[in-house]
Structure formats: C-alpha cells, structure tokens
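See structure below.
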Amino acid sequence: MANTTTDRKVKISITLLRILIGWHFLYEGVTKLYNPEWTSFGYLASAQGPLKPLFTMLAQEPMLQWVDVLNMVALLTVGITLLLGIFEKKGALVGVGLLSLYYLAHPSLPGIQQINVEGNYWIVNKNLIELVACILLYNFPTGQVFGLAYFSERRLTKTQQ
Amino acid sequence: MDWTRRDLLKGLGGLPILGAVWWAGAAGVGRKMKERSQILEQLNIMPSLPPTVPGIEGEPIKVGIIGFGIRGEQLCRSLGFATQEWKEDMRLAAEEDPNHSALKDFENQDKLNIKLVGICDVFDVRAEKALRSFNTEDNQIKRYDTYVSMIRSGDVDAVVIATPDHWHAPMAIEALNNNVSAYVEKPMTHTVEETYRLREAARASKATFAVGHQHRQTLSFRTARDIVEKGTLGHVSLIQTNTNRNDDNGAWNYDIHEQASPQTIDWEQFLGSAPKVPFNKNHFFRWRKWWAYGSGLSGDLLTHDYDRLNCVLNMGIPESVSASGGIYTHNDGRDVPDVLQVNMEFPNYSTGSSQNKGKENGMTFCYSASLGNSFSRPTVLMGHDATMELGNRLTVWPDGASTRYGDMLELGKMQPKVPIYQYNPAANVPDAISSATSQYFADKGLMWTYINGVRVDSTFLHLREWLSVIKNGGKVSCGIKEGFEEAIAAHMAGLSWKLGRKIEWDVDKEVLKPIPGINFDEVLLANGQWAAPVAETSES
Numbered sequence: 081m082a083n084t085t086t087d088r089k090v091k092i093s094i095t096l097l098r099i100l101i102g103w104h105f106l107y108e109g110v111t112k113l114y115n116p117e118w119t120s121f122g123y124l125a126s127a128q129g130p131l132k133p134l135f136t137m138l139a140q141e142p143m144l145q146w147v148d149v150l151n152m153v154a155l156l157t158v159g160i161t162l163l164l165g166i167f168e169k170k171g172a173l174v175g176v177g178l179l180s181l182y183y184l185a186h187p188s189l190p191g192i193q194q195i196n197v198e199g200n201y202w203i204v205n206k207n208l209i210e211l212v213a214c215i216l217l218y219n220f221p222t223g224q225v226f227g228l229a230y231f232s233e234r235r236l237t238k239t240q241q
Numbered sequence: 007m008d009w010t011r012r013d014l015l016k017g018l019g020g021l022p023i024l025g026a027v028w029w030a031g032a033a034g035v036g037r038k039m040k041e042r043s044q045i046l047e048q049l050n051i052m053p054s055l056p057p058t059v060p061g062i063e064g065e066p067i068k069v070g071i072i073g074f075g076i077r078g079e080q081l082c083r084s085l086g087f088a089t090q091e092w093k094e095d096m097r098l099a100a101e102e103d104p105n106h107s108a109l110k111d112f113e114n115q116d117k118l119n120i121k122l123v124g125i126c127d128v129f130d131v132r133a134e135k136a137l138r139s140f141n142t143e144d145n146q147i148k149r150y151d152t153y154v155s156m157i158r159s160g161d162v163d164a165v166v167i168a169t170p171d172h173w174h175a176p177m178a179i180e181a182l183n184n185n186v187s188a189y190v191e192k193p194m195t196h197t198v199e200e201t202y203r204l205r206e207a208a209r210a211s212k213a214t215f216a217v218g219h220q221h222r223q224t225l226s227f228r229t230a231r232d233i234v235e236k237g238t239l240g241h242v243s244l245i246q247t248n249t250n251r252n253d254d255n256g257a258w259n260y261d262i263h264e265q266a267s268p269q270t271i272d273w274e275q276f277l278g279s280a281p282k283v284p285f286n287k288n289h290f291f292r293w294r295k296w297w298a299y300g301s302g303l304s305g306d307l308l309t310h311d312y313d314r315l316n317c318v319l320n321m322g323i324p325e326s327v328s329a330s331g332g333i334y335t336h337n338d339g340r341d342v343p344d345v346l347q348v349n350m351e352f353p354n355y356s357t358g359s360s361q362n363k364g365k366e367n368g369m370t371f372c373y374s375a376s377l378g379n380s381f382s383r384p385t386v387l388m389g390h391d392a393t394m395e396l397g398n399r400l401t402v403w404p405d406g407a408s409t410r411y412g413d414m415l416e417l418g419k420m421q422p423k424v425p426i427y428q429y430n431p432a433a434n435v436p437d438a439i440s441s442a443t444s445q446y447f448a449d450k451g452l453m454w455t456y457i458n459g460v461r462v463d464s465t466f467l468h469l470r471e472w473l474s475v476i477k478n479g480g481k482v483s484c485g486i487k488e489g490f491e492e493a494i495a496a497h498m499a500g501l502s503w504k505l506g507r508k509i510e511w512d513v514d515k516e517v518l519k520p521i522p523g524i525n526f527d528e529v530l531l532a533n534g535q536w537a538a539p540v541a542e543t544s545e546s
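Sequence order for the protein chains is A and B.
All the letters of the first sequence, read from the start, carry residue numbers 81 to 241 under this note's numbering.
All the letters of the second sequence, read from the start, carry residue numbers 7 to 546 under this note's numbering.
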C-alpha cells in the first residue's frame, strides 16, 4: 500500500513537472508565432564555445529563416504534447534536442564568455536542468494519469475490466 | 461507454491550460505590437532607400589617381581595383575568420564603367605597386611624375585626390581649371584663402567637383534627416560628437616603409608649399601629425563629425567656434593636438519646437576628442522631446519631460529609458572588423551602409554618384557648398585652438571676422599653437 502511495506521489509530481515544462515551451513558441519580427539571429550570431562556427553558419540566410520556423514549430510541438499528455515521449525527445542546441550555443563552460544570461553558472545552467527534466518525462510518461492518453484504448479496456 | 466527470478532468484537463497559455502569449505579443505601431504611426518615420543614380553609359570615364597611400588604395578598391597584396591579406583573414568578408564584398561590388589611365605618387614603391597591380594587357596605366602633367595630358577625364591636406586645393584647382573633374579627400582645403579660391574654381569649371565625405550615402543618415525634419526630437539644443581612439594607427603613427629614401621619394614635390625641411620619413608617412601638411583632429576627424551632422541638419557654418586642448597623449614630436574640445555655436538655428513660439532657438555642436582613450562615446542629438543616437544604427529615446510625448509618457505608453525608434539596417549581417580604427569608423557609419541587408561600401556609392554626375549631369551630395562649409568650420576650430580665442563668422559677408594683427593663414600653417606675436612684442 505504501508503495502505491509513493507511486501516486511520484506520478503527480512528474505530471506537474510535465505541465510546467509544457507551459514554458508553449509560451515561448506562441510569442514567436505571433511576432513576425522575431528571429533567432541574435542568439545564434552571439554563440560561444566549440560549436560557434556551426551556429554562426545557421545565422546566415537562407538557413536562418528555416532555423526560425523549425525552432518555433519544435517549441509548439513540445508545448502541446506535454500539456495535452499525448505523444509526450516524442515531445520530450524534441525538447531534449532543442535544449541541447540552446545549451551548446551558449554553454556555461569555464573560460567561455557568458552573453545574454541571467545568473551565474558553472557547467550546469537552467537549460541543462530543464533538459534532464525532459529526459525524466521521456522515461516516465504520465499522459495516462492526466492527459489525452487517459483515453487510450489500453487504459479504457483496463477500466472496463 | 460512460465517461465520468473524473475521466474528463483527467483526460482533457490539459486543454484549458493550453488555451490559457496560448491566449496569454498571443494577447501579450499583440498588445506590445499594437502599442509599438501606435508610436510608430505617430512618429511616421520612413527609413529611406538610396536614390538611384543613372548608370555610367557609353565610353568609360578615364580616371587618374593622385596619391596611392592608405586612403588612395582604399579609394581604388571602391573604384574596383585592389592590389594583389591586399587580396592575399584578405584571403588569409577570411580563412582565419569566416565572418571576415572584405574580399567577398569587394568581389561582389558592382563594376563601374571606368578606365584607370594614370597614377601619380611621389613614392616610387607605391606608384609601382599600382602599376604592377592594375596594368592589364588591354589597359596600360601611365605613371605621371607630377599631377600637373597628368591633368594637362588630355588623357584623364577625372582625378581622385588622396594626398596630404596641403596638396588638396592646389591639385583640385588645377584640375577644375582644366575642366577635369575632381574628387578630393577631406578636409577640402588646408588654408582659409584657398577655400575661397577653390570655390571660385569649382563654380567656374564645367567639371564636377566632389568632397570625399562618403557617409552622406549611408541610409541611416538619410533616415536621421527624416526623423529630425518630422520634429521627432523637438528643438535640438546640443549635439555631442566624439573621437575616441587609443591605438598607434588611430594616432596617425602609420608604418614607415623600409624602402623609403631620398632616392625613392620625390621629397621636394611632397613638400610643395610646406616649409623646406630636410628629408624626413616620419613627416612623409605620418604627415597628419604636423600642421605643415595636415590639419590635426580638427581637419582630419572633426570634419567627419561636422559633415555627418551637416548632412542631417544642414546647419551650415557656425557663427563662432571655441577650441581647447593640447598634446597630452602622444608627445612624440607632433605639433597638432591629440586631445581637442571644440564648441561650435549656432545661435539662430532650430530644428523646430513643440513649445511656445520663441522659447527655443539656437544650438551648440560640441566635439570632444582624445587619442588616448577608446571608450566608445556615441554621437547624440539632444532635443527637448527626444534624444537620438546617430551611427550606422539609429536609436531614439523619448525625453521624460517632453511636451510632444507628454500624454503618451503619462499613460505609460512611452518610457524615457525605452527607445521609441530603432533603425539597424545591419541587423542580419554578422560583422568581423579587424582594427580598432576601422571599428571606430564603422560605428560612426563612415565605412559602409546596408541596402536590403547587403553590406555596401559607402565610399563606392559616393564615388559612383560623382562618376554618374560627370557623365549624366545632376548634383553630387557633397559638392563645393558642403565642402566650403566643412573647410571653414574646420579652419575655425584649428584657428581657435592655435590662438586660444573665439573665432567668429560673419554670416552676411561670408568671411571670418578679422582680428587685428592676425593673418589667419599664417596662424593656421604655423607649427603648434600661435605664439609668434607675443614673442615679438615682448622683444621689441
């Protein structure tokens, strides 16, 4: 019984985490969607660290417009899947991908100048923490606890039994 | 199958959250954009596109180059001719830094319909470098020993003059008198007297005269003019412009070529009207440091800032100028100041007023320069209603006590620390600029402009405009009127520093108000600060 209670608590906690992360991604995506002037140029052009040449290249046309669209679509995808609790494993993976790129563009590595960041970090920063949280969401899907996956066939069959 | 409320909550609970977040994001962005468009509508600023100049059709214009030093080489590149050495250097720079696009920019530059026919430089190494780099099988460039023989050869339609200052006017006048068009570097002249003679020559000549203030082609400056004309800033009472440099190159200590010698340099011709001194490499390569050949900060760098503002405001010659400063950072034998402050007064100038009629009138233009510190102080135009920072980028901030924006400030739709307008034509172009000096020029909008997101060399546009006017007629943007104003303003600053007193301009008579016992040109050409009359009186 204790086991089930712990289980429940874990599920609720992870669900909460999933909703907040989904919320964060969705809001970032929507603000970009509705602002035609938004561009990732500044973030990419000011990239630091070992992958700087890659990001500098992405900041140039015609790459840039694709990068902008893909980034926005990916943000919305992660936001919607995590909030609705459906295809959340795929969403969490996309989130991990996006956050890796954000982290690598401005890594908090010692000796690298920190541009456009709030706070002080050594190797670990908020992007990296959110990234690991997405790994957790990938490994512990909670859509069946709270989300559209609740209606999945398996679940319904189960409840009818 | 019956779904309980519990089922619906668990299954669909995410939907309202999604809706709320979506709505908040969309509404937030929408509100910000609406506020911004309201402000922009009220300001009604139009970023201007470059005027199209008619092409140079038919026979190519035959161009001669007088002076192939640092600036001469730059001008040739803008005309489409780069030396092998430069191309190699730029190729290596691009290998090191993929953002270094100088060579690519040069190769992408439109070709001008000109023919380089002659070169004139008193230093053999430079003249030969030009011949070696620009000679082709179908176009052999001729080296002329003197500018007079080049101008009178009948083989050149136009000359580009990039020499020490004391040669600008004599060469330009010779060209114009022979109906050869002339493009002369700044400052236009070296003395007050020749400024008038050059104006006469330009007015009388059939040829086209232009002064090399290339920033007049910069889009942000054209937009800045629109901003001022629409009264966005209100009455501008103070302008601050600055020179902030702290490197050898910026202090005019250029490299001395190893092959320089009395055998390779025509020293007599270099000296021209300057005092006869023995051969001196330092003087030859670093001539900007002496009044005998150059004009110091007032002629060399103040002229850029003065003309930048004259192009935006069209304020003309100041009614009076006071200057002070000294040789404080590079006491290396130079006689021009390296720290200089110049205040130019325009008591009857106004950019318009949002307050009671008559309350606001008059403006001070304040130029502050140091060659011993490179902290980047921007150029700012300070008006009652707003402040504008002027460079390759433009930013306008409302003033907290503005009359014009009072309502919007009160409603919180504007905030004094938040720009109401920003214009950055370079927003999509990553830059890699090598030296401190070139960064200095780039920040001021003196190096290039951006057209549809593509970087264009403003000197190229300026030369193209001059060449187009030569062929098709029309008006250059920096001609004799603008050059005359620039030269007189610079000379007033130089005179004020040398004499340690205010120099005044008689607007009606168009002359400097005379000072008894003072010959302005004698003062201007003298080494360092003017002390001669005092010494004479004390001795007699």
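All C-beta atoms, glycine included, are put in the ideal place defined by N, C-alpha and C.
Model, not experiment: these values are computed from the prediction.
The residues L307 and A375, in chain order, have a CB closer than 6 Å to that of B/T249 in the same chain once the five nearest residues on each side in sequence are set aside. The count of Cβ pairs closer than 8 Å, one atom from the segment 43-53 of chain B and one from the segment 141-153 of chain B, stays below three, leaving the stretches out of contact. Near chain A, meaning a CB-to-CB distance below 8 Å, no residue of the segment 477-503 of chain B qualifies.
DSSP places B/Y202 within a helical segment (H, G or I) once states are collapsed to three.
At a beta-carbon threshold of 9 Å, none of the residues of chain A lie near B/K110; the nearest stands roughly 12 Å away.
Per DSSP, B/L239 lies in no alpha helix (DSSP H) and is assigned neither H nor E. Under the 9 Å criterion on CB atoms, B/A30 is classed as interfacial with respect to chain A.
Below the 8 Å Cβ cutoff, chain A contributes T136 as neighbours of B/N105, in chain order.
With respect to B/Y202, B/I167 sits apart: the two C-beta atoms are not nearer than 9 Å.
With contacts defined as CB atoms closer than 9 Å, B/I233 and B/M388 fail to qualify as a contacting pair. B/K121 and B/G64 have their C-alpha atoms spaced approximately 12 Å apart. B/K40 has a beta carbon lying at 9 Å or more from every beta carbon in chain A. B/D163 has its alpha-carbon roughly 28 Å from the corresponding atom of B/G305. Take the alpha-carbon of B/F129 and the one of B/W296: they are about 19 Å apart.
Contact check for B/I486 against B/L204 passes: the beta carbons are separated by less than 9 Å. The DSSP-derived three-state label of B/Q265 is coil. According to DSSP, B/S330 shares a beta bridge with B/Q347. By the criterion of at least three beta-carbon pairs nearer than 8 Å, the segment 401-414 of chain B is not in contact with the segment 264-277 of chain B. A distance of 9 Å or more separates the beta carbons of A/G227 and A/G175.
For the pair B/L415 and B/S360, the Cα-to-Cα distance works out to about 15 Å. Under the 10 Å beta carbon count, B/M96 is surrounded by 16 or more other beta carbons and is classified as buried. Residue-level contact by beta carbon holds for A/I99 and chain B, with a gap shorter than 9 Å.
Going by DSSP, B/D512 is part of the beta strand (DSSP E) stretching over I509 to D512. Taking a Cβ-Cβ cut-off of 8 Å, the neighbours of B/G34 in chain A comprise T111, given in sequence order.
For B/I120, DSSP records a beta bridge to B/I67. Between the alpha carbons of B/L417 and B/E41 lies a distance of about 11 Å.
Closest by C-alpha distance to B/S380, out of B/Q115, B/L81 and B/N255, is B/N255. Assignment of B/T249 by DSSP, reduced to helix, strand and coil, places it in the strand class.
Interface criterion met: the Cβ of B/V27 is under 9 Å from a Cβ in chain A.
Around the Cβ of B/R228, a 10 Å sphere holds 16 or more other Cβ atoms; the residue is buried. For a Cβ distance threshold of 8 Å, nothing in chain A lies close to B/I179: the least Cβ distance comes to about 48 Å. Not a single CB atom of chain A sits nearer than 9 Å to the CB of B/I426. As the crow flies, the alpha-carbon of B/G160 is around 50 Å from that of B/Q428.
When Cβ-Cβ separations below 9 Å define contact, A/N115 makes contact with chain B. In this structure the segment 285-293 of chain B does not lie against the segment 212-230 of chain B, because fewer than three pairs of beta carbons, one per stretch, are closer than 8 Å.
Listed in chain order, the non-local C-beta contacts of B/F466 below 7 Å within the same chain comprise S84 and Q115, local neighbours out to five positions each way being set aside.
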